[in-house]
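A short worksheet on the structure shown next.
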Amino acid sequence: MPKPFATVLETATSLGNNTGSWRTMRPEYVNELPPCNATCPAGENVQLWLSLAMAGKFREAWEIIMRDNPFPAIMGRVCYHSCEKTCNRGLFDGAVNINMIEKSIGDIALDSGWILPRVTSSSGKKVCVVGGGPGGLAAAYFLAKLGHHITVYEAHANPGGMMRYGVPRYRLPSKIIDAEVKRIKDLGVKIVCNKKISHLKDIINDFDAVYISIGAQVASKSDTVIKKGSCVIDAMDLFQKLEDNPADLAHFGKKVFVYGGGNTAIDAARTALRLGAESVKIIYRRTINNMPAHETEISDALMEGIEILCLRTINTVDGDQILLDKMNYDEEFGILSKTGETEVWQVDNIIFAVGQTLDTTFFDGISDILISENGAIEVDRNMMTGATGVFAGGDIVPGKRSVTNAVGHAKKAAKGIDEYLGGASEVPIVKNAVAHFKKLNTIYFKKDKRTNILRPLNLSFEEILPSYTNDEISREASRCFSCGNCFHCDNCYGHCPDNAIRKQQNGSLTVNYDHCKGCGICAAECPCGAIRMVSEEK
Amino acid sequence: MSNFPLGNIGGTPTVQSDFARPNSLTGGHRGCQGCGEALGARCAIDAAHQTTGGKILVVNATGCLEVFSCCFPENSWSVPWLHSLFGNAPAVATGVAAALRSRGQDSIRVIAQGGDGATYDIGMGCLSGMFDRNDDVLYICYDNQAYMNTGVQRSGATPPLARTATTLPNKSYLGSDPQTGKNLPEIAMAHGIPYVATASIGNIRDLEQKVSRAINIRGSRYIQIHVPCPLGWGYPTAETIRIARLAVQCGLYPLFEGEYGKLVGSTPVEEPIPVESYLRPQRRFAHLFGKNVSANAVGVLQNIANGNMEKYRLNWEILDA
Ligand SMILES: Cc1cc2nc3c(=O)[nH]c(=O)nc-3n(C[C@H](O)[C@H](O)[C@H](O)COP(=O)(O)OP(=O)(O)OC[C@H]3O[C@@H](n4cnc5c(N)ncnc54)[C@H](O)[C@@H]3O)c2cc1C
Ligand SMILES: Cc1ncc(C[n+]2csc(CCOP(=O)(O)OP(=O)(O)O)c2C)c(N)n1
Ligand code: SF4
Ligand SMILES: [Mg+2]
């Protein structure tokens, strides 16, 4: 058919008109780092496993956690959950209860007996792990999965480290530790208990690599003068007795004082209460706001009736009397000074919980290992010490001391060790930008309070913390904003004035750059900040 | 206002989230970047398409929507579509509906659509006649509050104190006179037709529900959709949906439904915001925030919003207090 006058195109739909040429900015889907993931010391992909939990895919969620952390059920009980402090939902209507979801998923895994796939490969390399605490066990787990042959030496009768001989049972029952450690053993890891390695040099030549996670086991000294000190017990001794010889504690005192302000002090105080003490007082030198103990721990302790005597130090212990110095604390400059006033109290027992340091004699004779002034082992970014092939992590290296940090160190070290043993070297991962709150469009979220569950007052050694039901897990996980990651809400697709977002039947979304004019509506209306506008190159 | 995303996160999925949505208005059209009218039209016609199984026919008045979607010899409509003149879309649609009825094909639903200029002003006579006869047509007005296609001239839908090419503010004049303008949804209601509704592209779920409802009612129906225009109103193209949402949240664009002349419902505004939050981001209101402007200018618009809150019962908490 002849074309009408002055017409060059065929009659057609406008689909052939590539309006994409108008664009100066282009939308791109991103996977930004949610704040929760960014702050997790173990590097868990929290946002991803929450999205699976929301969909009721608990097994898949568990598998994602297990990629970065072999202890979901333990984590859900003891992790200090820095994720929740940075959770963007905290700026809206309360952080997602990540910790409780992790606990609940960890428990489902144990109740259902989920096991790990067998390791089929073998590197033929032998790695020794000294210390069967969370750090050592996690390193064994990551290394075994890579096909290495692992032997763990543990001084105590049972593995678990401070999770067993520190954290009290009402927070973390033994059966949970046993069950999560068993999964690691089932990978073929050999755990040799009751075997203290006195010196690193004794074993260093028997293995292809060594990972040291022996923790900080030595009680720190305090300035207190102890004249007659039969009532004094160190917190770590208390916990160890409780674990191995509880009968020794049958006649524990009624009037108990605890000295210190960290988590150990709180645990010791709550333990004393459970051993039958009638009054438990914590003595701490600064103000309550400065206590290093975790907030929830402090509030739980107060709820159980424990008193905190702030701005005091113990000058002298003399039999059943203690002499306290009252202190002044200058918040601004952090200066602590005596007021000159004193106080005398009657006590039955006093528990010292002023911290632990590490036993450096272990490293005697290996001069390449650097020990910092405050007694920590220096390591490089692969967690290798000054001695080649010797790696270290957990409480003995500088930084925060926690179970989660110990697991994070172990993960990093396992990669380093694998590389050292000739495994493929990791391509350094470029960390994505953090998806901060201002990148979200929260108009699309309804205010929805966090699913809290009551923690009944229970002064026995039975576990206190309840679990979520399956519905509660999904409900609470559905509060996640999915920061920086597409959650397939179709807002971009539905709001594009140019039909320039393509949606496939499986829900996947892509930009059709032939038609996209670059208006930016998709990015503005994306609830989770998963689309970024970038300038078009010439 | 919490407004669930369009897919199945939180709310029921919308037609616009369906991977197989009709795309009545296809890509490649020449609407501006961030055009609210293009989006509004696709949402409305897709919803009608989905509800009737594709048995629709669209008559379009002259205006941006028509011009950017049919640059001869290309066309962006994937539904039967017809264009005649600027002012006669209601009359043409009436004729189409009558023709279909006489051929026993009145299961095919007729839609007439146009901009606010076509609807409020030049086509007003034809539209009123269509309502008067209760012809079986759904009329959809895409309200971008001025004659955009010819360069942003004032229409009867232009809000008080807005700057347009024909209401340029100066020292003694603050933009479109508050004494002028009309309320077409109310005029439509006054005709006693079976269904009248207002909608917004800031709330697509609500918009779709109204179109789906209206399309199968017999007789004259009128839906007016608020469709912000980045070019004419002067705001960044990415903000089209946000601006639409703010208009609803501040009460200046009440979303309501009426049947046979009576108000039957309205979409609640849970957390009303001051009109200033809506006006400030738009250059057409920038002169209201200049140095020597009395605060009263914004007050005029705030009063209108407050009046809407009460008249359309947009916020029960405020009303009950
Ligand atoms: C009372 C208390 C409560 C705590 N509560 C929490 C909590 O709620 N959440 C949290 O995240 N963290 C908590 N922590 C801190 C946390 O337990 C530690 O940071 C973590 O256990 C460190 O792990 P690790 O592997 O480095 O060392 P450890 O857990 O100390 O494990 C070291 C292991 O090595 C063994 N070992 C030591 N020397 C040798 C040797 N020479 N040969 C063989 N074996 C050896 C030890 O017996 C021990 O089993 C708590 C600590 C204490 C003391
Ligand atoms: C009878 C007649 N007068 C004037 C015009 C010029 N004209 C074309 S579109 C238009 C403005 C349309 O405004 P509106 O109906 O609000 O639609 P918009 O472009 O804003 O979407 C005008 C004045 C015309 N096409 N026909
Ligand atoms: S809302 Fe979800 S993704 Fe965002 S920080 Fe919180 S848990 Fe992480
Ligand atoms: Mg107009």
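Sequences listed follow chains A and B, in order. Under my numbering, the residue at position 116 of the first sequence is numbered 118, and the numbers go up by one with no gaps. Under my numbering, the residue at position 185 of the second sequence is numbered 186, and the numbers go up by one with no gaps. Built from N, CA and C at the ideal position, the CB exists for glycine as well. No experiment lies behind these values; they were computed from the predicted model shown.
{"Query": "Boundaries (first-last residue) of the alpha helix (DSSP H) holding A:W51", "Result": "V48 to M56"}
{"Query": "Supposed close pair B:P186, B:Y261 - CB separation, criterion 8 Å", "Result": "Incorrect: roughly 14 Å between the Cβ atoms, too far for contact."}
{"Query": "Neighbour-count burial assignment, A:E12, 16 or more Cβ in a 10 Å radius", "Result": "exposed"}
{"Query": "Contact test: A:T406 Cβ vs ligand 1 heavy atom, cutoff 7 Å", "Result": "yes"}
{"Query": "Contact residues within the stretch 275-306 of chain B, judged by C-beta distance below 9 Å to chain A", "Result": "none"}
{"Query": "Amino acids of chain B, ordered along the chain, whose beta-carbon sits closer than 9 Å to that of A:C482", "Result": "Within 9 Å Cβ-Cβ: nothing; A:C482 doesn't reach chain B, min ~11 Å."}
{"Query": "Environment of A:A525 [buried if 16+ CB atoms lie within 10 Å]", "Result": "buried"}
{"Query": "Classification of A:M305 by the beta-carbon crowding that lies within 10 angstroms, buried from 16 upward", "Result": "exposed"}
{"Query": "Rounded C-alpha distance that separates A:A274 from A:S124", "Result": "48 Å"}
{"Query": "B:R110 - DSSP class collapsed to helix/strand/coil", "Result": "strand"}
{"Query": "Local Cβ density within 10 Å of A:D370, reported as buried at 16 or more and exposed below that", "Result": "exposed"}
{"Query": "Buried versus exposed call for A:G135 [16 or more other C-beta atoms within 10 Å across all chains shown]", "Result": "buried"}
{"Query": "Buried or exposed (CB count within 10 angstroms, at least 16 for buried), B:A322", "Result": "Its pLDDT being 47, under 50, B:A322 is placed unreliably by the model, and nothing is read from it."}
{"Query": "Min CB distance B:C65 to chain A below 8 Å", "Result": "no"}
{"Query": "Cβ-based neighbour list, A:G388, same chain, cut-off 8 Å, excluding 5 preceding and 5 following", "Result": "D370, I371, L372 and E380"}
{"Query": "Inter-stretch contact at 8 Å, needing at least 3 Cβ pairs: the stretch 454-462 of chain A / the stretch 64-79 of chain A", "Result": "no"}
{"Query": "Per-residue contacts from A:G496 into chain B (C-beta, under 7 Å)", "Result": "L7, T15, Q17, S18 and I205"}
{"Query": "Under 8 Å from the C-beta of A:F489: neighbouring residues of chain B", "Result": "I10"}
{"Query": "Cβ-based burial, B:Q283 [other Cβ within 10 Å; buried from 16]", "Result": "buried"}
{"Query": "Nearest-angstrom Cα separation, counted from A:I284 out to A:I228", "Result": "18 Å"}
{"Query": "Under 8 Å between C-beta atoms of B:Y313 and B:I226", "Result": "no"}
{"Query": "Span of the alpha helix (DSSP H), counted from its first residue to its last, around B:L232", "Result": "P231 to W234"}
{"Query": "Per DSSP, the bridge partner or partners of A:R504", "Result": "A:T512"}
{"Query": "Heavy atom of ligand 2 within 7 Å of B:I123 beta-carbon", "Result": "yes"}
{"Query": "B:L162 versus B:A189: straight-line alpha-carbon distance, rounded", "Result": "24 Å"}
{"Query": "Nearest-angstrom Cβ-Cβ length linking B:C33 and B:P269, presumed shorter than 8 Å", "Result": "About 32 Å separates the two Cβ atoms, so there is no contact after all."}
{"Query": "Outcome for A:C498 when other beta-carbon atoms lying within 10 angstroms are tallied against a minimum of 16", "Result": "buried"}
{"Query": "Nearest candidate by alpha-carbon position, reference A:F489, set A:G264, A:G531, A:D473 and A:D327", "Result": "A:G531"}
{"Query": "Within chain B, the residues that A:T21 reaches when beta carbons sit closer than 8 Å", "Result": "G28, G29, H30 and R31"}
{"Query": "Beta carbon proximity, B:S77 to chain D, threshold 8 Å", "Result": "Of the chains in the structure shown, none is chain D; the protein chains are A and B."}
{"Query": "The stretch 211-223 of chain A contacting the stretch 90-110 of chain A, beta-carbon criterion three pairs below 8 Å", "Result": "no"}
{"Query": "B:A90: CB within 7 Å of a non-hydrogen atom of ligand 4", "Result": "no"}
{"Query": "A:I308 burial status per 10 Å Cβ neighbour count (16 or more: buried)", "Result": "buried"}
{"Query": "Any non-hydrogen atom of ligand 1 within 7 Å of A:R272 CB", "Result": "no"}
{"Query": "9 Å Cβ cut-off: residues of chain A touching B:R246", "Result": "I445"}
{"Query": "Any 3 or more C-beta pairs closer than 8 Å across the stretch 170-186 of chain B and the stretch 205-213 of chain B", "Result": "no"}
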